[in-house]
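The structure under discussion appears below in the form of structure tokens.
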Amino acid sequence: MSANDAPRAQQPSAAYDSAFLKACRREPVPHTPVWFMRQAGRSLPEYRKVREGIPMLESCMRPELVTEITLQPVRRHGVDAAIYFSDIVVPLKAIGIDLDIKPGVGPVVEHPIRTRADLAQLRDLTPEDVSYVTEAIGLLTRELGATPLIGFAGAPFTLASYLVEGGPSRTYENAKAMMYGDPELWADLLDRLADITAAFLRVQIEAGASAVQLFDSWAGALAPVDYRRSVLPASAKVFDAVAGYGVPRIHFGVGTGELLPLMSEAGADVVGVDWRVPMDEAARRIGPGKALQGNLDPTVLFAPTEAVEAKTREVLDAAKDLEGHVFNLGHGVMPSTDPDALTRLVEYVHTRTAR
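Using the numbering used here, you'd call the opening residue of the sequence shown number 145 and step up by one each time.
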């Protein structure tokens, strides 16, 4: 990136002094802020109503619908941040990759990337490719006011896993075969995906997002040595590309307890922790200078309220000495979760942690 291309730091927004952004910056907060991954989604009846009959990818390209869906959990639960409603494959669709999100399956790619010639499918992403994102974030920031909006994108490894496998996988045999068997092709694939991901995050930040989260959903399938050699450089490139904007950068993956120090090293300001590692142990692994996000097991929300509160106290107690803590689940809200359980959880965390 040349000096002329370097991002300029955003001016402080109405959300700058929010509890969420203060926690991300490791500053004192009036209460521990709360938001939930997948807070906008199938757990909400109002979401199911507005999405009825509209395919997932199409719903991500309708600014007014995106705005409504993003706002729903803010209205209902009183969370401390909204997260932009989209999908990690949206930028791939925007550059012309032939893919679809099939109900009950997930993203399916018509022509998987398996050879160097296949890389030609991955052209640069321009703001014009995702003009609906800019429009939707403009609508959202006006509605949200002092509530921060989190932008997000899929990390290069997770995007690569879908592109190489052709769809969801439990074993990632094709992706790992490329990573081990043709490391140069793998590196070039992730480097291109890093550029696309960074461009997608820049669009969101420049439109008004107050923070961004990079989801490396499937990085937990990797050993630390492979993550360091074959994944970390691309994730670091993404974080470096948006560093100049001055917005908090969050990094999250599932089953990544062994990778937490490396994911922190990639450049995030906030490291997300799933439910497998207690917050105090996660802080020990990550080291000083980072805020942490997490990490109630999403399935706890199916238990009685007393049990939810007891497990929530465990998370809060383990996080009490952290430099900054954003309360979240250790993964996304499950579709059959009772929305009232989420509303009660927000209220409980706010009351329990009031300074």
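Think of the CB as a built atom: it goes at the ideal place given N, C-alpha and C, for glycine as much as any other residue.
Beta-bridge partners of residue i, as assigned by DSSP
i: Asp244; result: Val252
i: Gln357; result: Phe296 and Ile394
i: Val415; result: His395 and Leu436
Exposure label - residue i; buried when at least 16 CB within 10 Å
i: Ile198; result: exposed
i: Met145; result: For Met145, the pLDDT reaches just 45, beneath the cut-off of 50, and the residue's location in the model is therefore unreliable, although a value from the coordinates is still provided. Exposed: under 16 other Cβ atoms inside 10 Å.
i: Gly289; result: exposed
i: Asp268; result: exposed
i: Ala147; result: Low confidence applies here, because Ala147 scores a pLDDT of 38, under 50, leaving its location unreliable and the question unanswered by this model.
i: Thr315; result: exposed
i: Lys434; result: buried
i: Asp461; result: exposed
i: Ser408; result: buried
i: Arg192; result: exposed
i: Thr214; result: buried
i: Asp360; result: buried
i: Pro292; result: buried
i: Val104; result: Absent from the structure is residue 104, since the part of the chain shown begins at 145 and ends at 499.
i: Glu309; result: buried
i: Pro251; result: buried
i: His255; result: exposed
i: Ser354; result: buried
i: Gly416; result: buried
i: Ala261; result: exposed
i: Gly397; result: buried
i: Lys246; result: exposed
i: Ala338; result: buried
i: Arg499; result: exposed
Heavy atom of the ligand FAD within 8 Å of residue i beta-carbon
i: Leu337; result: Among the components modelled here there is no ligand, and therefore nothing to report on the ligand FAD.
Whether residue i touches residue j by CB criterion (9 Å)
i: Val234; j: Val173; result: no
i: Phe446; j: Val178; result: no
i: Ala319; j: Ser313; result: yes
i: Gly352; j: Ala387; result: no
i: Ile239; j: Ile340; result: yes
i: Gly476; j: Met200; result: no
i: His469; j: Gly222; result: no
i: Gln437; j: Val421; result: no
i: Asp424; j: Ala463; result: yes
i: Arg132; j: Thr449; result: Missing from the structure shown is residue 132; the chain here goes from 145 to 499 and no further.
i: Leu329; j: Leu266; result: no
i: His175; j: Ala163; result: yes
i: Gly325; j: Ala365; result: no
i: Ser203; j: Arg195; result: yes
i: Pro432; j: Gly474; result: no
i: Thr302; j: Trp362; result: yes
i: Ala426; j: Asn439; result: yes
i: Glu575; j: Ala367; result: The structure shown does not extend to residue 575, since the chain is modelled only from 145 to 499, so the question has no answer here.
i: Pro104; j: Glu350; result: Outside the shown range of the chain, which is 145 to 499, sits residue 104, and nothing can be said about it.
i: Leu236; j: Tyr306; result: yes
Notebook entry, point to check: Between the stretch 167-185 and the stretch 388-401, are three or more C-beta pairs nearer than 8 Å?
Noted result: yes
Next item on the list: Count the C-beta pairs between the stretch 297-309 and the stretch 217-228 that are closer than 8 Å, then say yes if the count reaches three, no if not.
Entry: no
Next item on the list: Give, in chain order, every unbroken run of the alpha helix (DSSP H) that is at least 4 residues long and sits entirely within the stretch 298-384.
Entry: 300-309, 317-325, 327-351 and 368-374
Check: For the stretch 448-458 against the stretch 377-389, are there 3 or more C-beta pairs whose distance is under 8 Å?
Finding: no
Notebook entry, point to check: Is the stretch 274-284 in contact with the stretch 200-209, if contact means three or more CB pairs nearer than 8 Å?
Noted result: yes
Check: Can you list, in chain order, the stretches of the beta strand (DSSP E) that have 3 or more residues and sit fully within the stretch 467-499?
Finding: 469-473
Note to self: Quick check on the DSSP output: what are the complete alpha helix (DSSP H) runs of length 4 or more inside the stretch 179-233, in order along the chain?
What the structure shows: 189-195, 200-203 and 207-221
Note to self: For the structure I just gave you, are there three or more beta carbon pairs, one from the stretch 365-374 and one from the stretch 339-357, closer than 8 Å?
What the structure shows: Contact between the stretch 365-374 and the stretch 339-357 is absent, with fewer than three C-beta pairs closer than 8 Å.
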